[in-house]
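Okay, structure first, notes after.
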Amino acid sequence: AAGVIQSPRHLIKEKRETATLKCYPIPRHDTVYWYQQGPGQDPQFLISFYEKMQSDKGSIPDRFSAQQFSDYHSELNMSSLELGDSALYFCASSSRDGNNSPLHFGNGTRLTVT
Amino acid sequence: GDSVTQMEGPVTLSEEAFLTINCTYTATGYPSLFWYVQYPGEGLQLLLKATKADDKGSNKGFEATYRKETTSFHLEKGSVQVSDSAVYFCALRDGNKLVFGAGTILRVKS
Chain A
160 AAGVIQSPRH LIKEKRETAT LKCYPIPRHD TVYWYQQGPG QDPQFLISFY EKMQSDKGSI
220 PDRFSAQQFS DYHSELNMSS LELGDSALYF CASSSRDGNN SPLHFGNGTR LTVT
Chain B
13 GDSVTQMEGP VTLSEEAFLT INCTYTATGY PSLFWYVQYP GEGLQLLLKA TKADDKGSNK
73 GFEATYRKET TSFHLEKGSV QVSDSAVYFC ALRDGNKLVF GAGTILRVKS
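Chains A and B are the protein sequences, given in the same order.
Take 160 as the starting number for the first sequence in the numbering used here and just add one per residue.
Take 13 as the starting number for the second sequence in the numbering used here and just add one per residue.
Structure, rendered in structure tokens:
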């Protein structure tokens, strides 16, 4: 079965550079979520989109922005990168089914800021 | 806000031992509950879920029962294998997002 696709798998950037992470949800999933996982940490919710509109916002820095496109894929844009932004960034998708739908996660993008 | 508390790890077991990883939650309303597993270098995989009180989720020999009276969702497996070594996250669905526990590292020795 098709899964959530994230690209790139690994990304190395320098401080103050920008980065764009892409996420392609499971077909027919209309909701996309972004999470950040630091080393040895649990995933922290950043932001979610439903039908191309932001549906919830977590601990996303103002330097980051995201959007969902008409084909439901999503991009996370990160500017003025800092060393502390080094982490694993997960995208997840689900169908809109109240609180019952599990989130299906991609394999993540490992961002290293040097 | 809603929260999830997991037992601290790492949990180290010998092969074929019985596993319990405790998980309790705090939530308003009646959230769905999940266990996710993360193998080294990989993403989060859904292990099992339960959507209402007394539901039992099960998969690959793992089980967890949604206990509303104790607000718990403990993960159990009767006989662990080396291949079960991973990080296990308990989570609840809070509206448009999942809230995760801190994760429990499981190490199974042969």
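Just so you know, even glycine gets a beta-carbon here, dropped at the ideal spot from N, CA and C.
Remember, it's a predicted structure, so these values are computed and weren't measured experimentally.
Q. Can you tell which of PHE85/B, SER91/B, VAL92/B, SER95/B has its C-alpha closest to the C-alpha of PHE101/B?
A. PHE85/B
Q | Residues that ASP201/A contacts on chain B, provided the C-beta gap is smaller than 8 angstroms | A | PHE101, PHE112, GLY113, ALA114, GLY115
(Q) Residues of the stretch 57 to 77 of chain B in Cβ contact with chain A at a cutoff of 8 angstroms, in chain order, please. (A) GLN57, LEU58, LYS61, THR63
(Q) Using a Cβ-Cβ distance cut-off of 9 angstroms, determine whether ASP215/A contacts chain B. (A) yes
Q) According to DSSP, is GLY243/A helix, strand or coil? A) helix
Q | TYR231/A burial status per 10 Å Cβ neighbour count (16 or more: buried) | A | buried
**Q.** Option in LEU59/B, ASN71/B, TYR78/B with minimal Cα separation from ALA65/B
**A.** TYR78/B
Q | First and last residue of the uninterrupted beta strand (DSSP E) at GLU75/B | A | That run of the beta strand (DSSP E) goes 74 to 77.
Q. Run through DSSP, which three-state label would ASP66/B get?
A. coil
Q: With DSSP as the reference, label SER95/B as helix, strand or coil.
A: helix
Q | Nearest residue (CA-CA) to PHE264/A, options CYS250/A, THR271/A, LEU270/A | A | CYS250/A
Q.
On the DSSP letters alone, give me the boundaries of the beta strand (DSSP E) that GLY169/A sits inside.
A. The identity of residue 169/A in the sequence shown is His, whereas the question assumes Gly. That run of the beta strand (DSSP E) goes 169 to 172.
Q.
Can you confirm whether ASN108/B, when its beta carbon is compared against all beta carbons of chain A, has any partner nearer than 9 angstroms?
A. yes
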